[in-house]
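**Q** Position in the sequence shown counted from 1, then plus 60, gives you my numbering.
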Amino acid sequence: MKHRGRHRRRRRGAALRAVLTGTALALTAAATLISASQADVTDSPGALRPLSAPKDTGRFELQEQLVPARTLDRLSAAMGGAVGVDDVLASADRRMRESADCSSADRASLPVTPAATRAYCWDPADAAGGAWQPASVTTSGDADDDGVWGTHRVVLAGWTHSTSTGSAAERGLARVAFVDADDPARLAYRWVLLAVPVDGGRDYRGLTSAISGMVWYQDKLLVTTETGSADALYVYDLGRIQRAGVDGPAIGRVPGGWSADGYRYVMPAVGSYRFTAGRCDRSGPPCPGALALDRGTAPDSLVAAEWTAPDGDRNARLWRYAFSTAPARGGLLATDGSGRVKAAEAYRTRAAGIRGVLSYWRPGAEDASWYVGHLPGSWDGHGGLWRQDAGGAKAAHCGAEGSHRCWAKAAGSLSYWQATGEVWSLSDRMLFAVSLAELDRSLG
Numbered sequence: 061m062k063h064r065g066r067h068r069r070r071r072r073g074a075a076l077r078a079v080l081t082g083t084a085l086a087l088t089a090a091a092t093l094i095s096a097s098q099a100d101v102t103d104s105p106g107a108l109r110p111l112s113a114p115k116d117t118g119r120f121e122l123q124e125q126l127v128p129a130r131t132l133d134r135l136s137a138a139m140g141g142a143v144g145v146d147d148v149l150a151s152a153d154r155r156m157r158e159s160a161d162c163s164s165a166d167r168a169s170l171p172v173t174p175a176a177t178r179a180y181c182w183d184p185a186d187a188a189g190g191a192w193q194p195a196s197v198t199t200s201g202d203a204d205d206d207g208v209w210g211t212h213r214v215v216l217a218g219w220t221h222s223t224s225t226g227s228a229a230e231r232g233l234a235r236v237a238f239v240d241a242d243d244p245a246r247l248a249y250r251w252v253l254l255a256v257p258v259d260g261g262r263d264y265r266g267l268t269s270a271i272s273g274m275v276w277y278q279d280k281l282l283v284t285t286e287t288g289s290a291d292a293l294y295v296y297d298l299g300r301i302q303r304a305g306v307d308g309p310a311i312g313r314v315p316g317g318w319s320a321d322g323y324r325y326v327m328p329a330v331g332s333y334r335f336t337a338g339r340c341d342r343s344g345p346p347c348p349g350a351l352a353l354d355r356g357t358a359p360d361s362l363v364a365a366e367w368t369a370p371d372g373d374r375n376a377r378l379w380r381y382a383f384s385t386a387p388a389r390g391g392l393l394a395t396d397g398s399g400r401v402k403a404a405e406a407y408r409t410r411a412a413g414i415r416g417v418l419s420y421w422r423p424g425a426e427d428a429s430w431y432v433g434h435l436p437g438s439w440d441g442h443g444g445l446w447r448q449d450a451g452g453a454k455a456a457h458c459g460a461e462g463s464h465r466c467w468a469k470a471a472g473s474l475s476y477w478q479a480t481g482e483v484w485s486l487s488d489r490m491l492f493a494v495s496l497a498e499l500d501r502s503l504g
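1. Mapping DSSP to helix, strand and coil, what is L353?
2. For D354, I'd like the list of residues in its chain whose CB is within less than 6 Å of its CB, leaving aside the five on either flank, ordered along the chain.
3. From C321 to G416, what distance separates their C-alpha atoms?
4. Which runs of the beta strand (DSSP E) fall wholly inside the stretch 406-448 and span at least 3 residues, in chain order?
5. Does DSSP put E121 in a helix, a strand or coil?
6. Between the stretch 264-271 and the stretch 218-227, do three or more beta carbon pairs fall short of 8 Å?
7. On a CA-only basis, which of W477, S487, F238 and S200 is nearest S495? Give me that one, please.
8. Thinking just about the alpha-carbon of each residue, which of A241, G397, V432 and P387 is nearest to the one in T409?
9. Relative to the C-alpha of A394, which candidate in Q125, S136 and G190 has its C-alpha closest?
10. Need the endpoints of the beta strand (DSSP E) that R342 sits in, please.
11. Looking at the structure shown, is D297 part of a helix, part of a strand, or coil, going by DSSP?
12. Would you mind sorting T285 into buried or exposed? The rule is 16 or more other CB atoms within 10 Å of its CB.
13. Whose C-alpha, out of S104, D166 and L108, is nearest the C-alpha of A365?
14. Since R303 and G140 should fall inside the 8 Å C-beta cutoff, what is the C-beta to C-beta distance between them, to a whole number of angstroms?
15. Our contact map puts A412 next to G372 with C-beta atoms below 8 Å; I'd like the distance itself, whole angstroms only.
16. State yes or no: is the C-beta of A352 within less than 8 Å of the C-beta of S473?
17. Could you check what DSSP says for S384 in three-state terms: helix, strand or coil?
18. For D279, is the classification buried or exposed, using 16 other Cβ atoms within 10 angstroms of its Cβ as the cut-off for buried?
19. When you compare only the Cα positions, how much space is there between L135 and G260?
20. Does the distance from the C-beta atom of P301 to that of V148 stay below 8 Å?
21. Which residues in the same chain have their Cβ closer than 8 Å to the Cβ of P359, if we skip the five residues on either side of it in sequence?
22. Once you ignore the five residues that flank A179 on each side, which residues in its own chain have a CB closer than 6 Å to its CB?
23. Give the secondary structure of S361 by DSSP, where H, G and I count as helix, E and B as strand, and everything else as coil.
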């Protein structure tokens, strides 16, 4: 287990390391180059516009609500005590295949430009059917700046069950794949169901929310919550994973023990953050979509992008919150004396349909560059990825028509692994990484 105080604060604007390591094999997406007849992502989102008026910044304010320790301890004791990340990885029962062993349809979902440095498709048992969809990713590179958790390199991928297909009892549930990435050629994973304690820790229910964004920072996992709710984020503790001993479709306490929809492991929430201004909507707080960690600020910060429809008329907002530096609050956001969290900065962008966001301090820059990956207006096919700042926006071009639709299909969230210089993300079918240096080169 990492020491919570180990993370070093960095001077704002400091250059981050970008040395690509490992034995990753450069891969080329097998996607057909996009024709001019398809809907294209060619409209630049333009320069970022700062939001500073109190009526604008006040909409980002959060109220922290932590689950009482006695509630968590009661649940843990009743379930036989908590287990850790090592236990989950040691029991990995799913295998990921490298790109060469994946189908052409899988590979066609990868970015066209830049090419992935490594890519993997999921176990066929999880990829079939389409009821569960991957959308978010974070890694041990977020959790600790040396890139490992204990002795392991780990990737976490968040999936949400569709509300329109599959088992009615599972609709809206959220699960996380704990991927053992120690050997780049042999990735394996185990599922953990996300839950919320109820009845003072005497039971739990499944988290029913689309986890489109997810960040693992120190020993906490922060995930987005249901669109249209006053809730903004749920918080999980990687040291409070529980084992469910009953294999069945129920969730919570059952005759003979505890069940988690057939999963061996379940993780109960330890807290949440709610918007003080009420439910997220067009005129109020933004519905959080993508999340990412930024280590270029002091203290480290959580960045977020607003969830908007790619074919709608509503542009997105981007913002950040500072993480707490208090030793007893590892992985939690910085609050005032009333438990409130204020945005450190916020921007308006002309981009819509953002599904991935990243804030990165390029060497010598006074301000961060914001990378936004978003879907095309048709909700189908390859999306675009733009780099924005106060001066404007740039995107990669691909194909004979110079299309901007060069990013992954149904693009997911972005996570920068500082120790390797890679950006991890997901398509609708694959988990992949690209070199940040190559990504920047593709953006000119």
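All C-beta atoms, glycine included, are put in the ideal place defined by N, C-alpha and C. These numbers were taken from a predicted model, which means no experiment stands behind them.
**A** Let me spell this out:
1. On the sequence shown, residue 353 is found 293 positions in, with the first residue counted as 1. Under the three-state reduction of DSSP, L353 is assigned to strand.
2. By one-based count along the sequence shown, residue 354 stands at place 294. Closer than 6 Å at the Cβ level, and outside the excluded window around D354, lie S361, V363 and S419.
3. Residue mapping note: residue 321 aligns to position 261 of the sequence shown, counting from 1. Residue mapping note: residue 416 aligns to position 356 of the sequence shown, counting from 1. The residue you asked about is not Cys; residue 321 is Asp in the sequence shown. Just so you know, the alpha carbons of D321 and G416 end up roughly 29 Å apart.
4. Secondary structure within the stretch 406-448: the beta strand (DSSP E) runs of 3 or more consecutive residues, fully enclosed, are 414-420 and 429-434 (chain order).
5. Taking the sequence shown and counting its residues from 1, one reaches residue 121 at position 61. In the three-state reduction of the DSSP assignment, E121 falls in the coil class, being assigned neither a helical nor a strand state.
6. At 8 Å Cβ cutoff, the stretches touch.
7. Here residue 495 refers to the residue found at position 435 when the sequence shown is read from its first residue. Ranked by Cα distance from S495, the options W477, S487, F238 and S200 are led by W477.
8. Here the question's residue 409 lines up with position 349 in the sequence shown. Residue V432 is the option with its Cα nearest to T409.
9. For this step, residue 394 is matched to residue 334 along the sequence shown. It is Q125 whose Cα lies nearest to the Cα of A394.
10. Counting from 1 along the sequence shown, the entry for residue 342 is found at position 282. No residue range can be given for R342, since it is assigned to no beta strand (DSSP E) and is classified by DSSP as neither H nor E.
11. Taking the sequence shown and counting its residues from 1, one reaches residue 297 at position 237. Residue state, collapsed to three classes: strand.
12. Within the sequence shown, the letter at position 225 stands for residue 285. The residue in question, T285, is buried, as its Cβ has 16 or more Cβ neighbours within 10 Å.
13. Within the sequence shown, numbered from 1, the residue matching residue 365 stands at position 305. For A365, the nearest C-alpha among the options comes from L108.
14. Numbered from 1 along the sequence shown, position 243 holds the residue referred to as residue 303. Numbered from 1 along the sequence shown, position 80 holds the residue referred to as residue 140. Correct: roughly 7 Å between the Cβ atoms.
15. In the sequence shown, counting from the first residue as 1, residue 412 sits at position 352. In the sequence shown, counting from the first residue as 1, residue 372 sits at position 312. Contact between A412 and G372 holds, since their C-beta atoms are separated by about 6 Å, short of 8 Å.
16. Against the sequence shown, residue 352 aligns to sequence position 292. Against the sequence shown, residue 473 aligns to sequence position 413. Result yes, Cβ atoms of A352 and S473 sit closer than 8 Å.
17. Position 324 of the sequence shown holds residue 384. S384 falls in the coil class under three-state DSSP.
18. As a position in the sequence shown, residue 279 is number 219, starting the count at 1. With 16 or more other Cβ atoms inside 10 Å of its own Cβ, D279 counts as buried.
19. The residue labelled residue 135 in the question sits at position 75 within the sequence shown. The residue labelled residue 260 in the question sits at position 200 within the sequence shown. Distance from the CA of L135 to the CA of G260, rounded to the nearest whole angstrom, comes to 8 Å.
20. What you label residue 301 is simply residue 241 of the sequence shown in a count that begins at 1. What you label residue 148 is simply residue 88 of the sequence shown in a count that begins at 1. It should be pointed out that residue 301 corresponds to Ile in this sequence rather than to Pro. Yes.
21. For this step, residue 359 is matched to residue 299 along the sequence shown. The beta carbon of P359 sits closer than 8 Å to the beta carbons of R69, A382, F383, S384, T385 and A394 from its chain, once the five residues preceding and following it are set aside; these are given in chain order.
22. Taking the first residue of the sequence shown as 1, we reach residue 179 at position 119. Only L87, S159, L170, M490 and F492 meet the Cβ criterion.
23. Counting from one through the sequence shown, the residue named residue 361 turns up at place 301. In the three-state DSSP reduction, S361 falls in the strand class (E or B).
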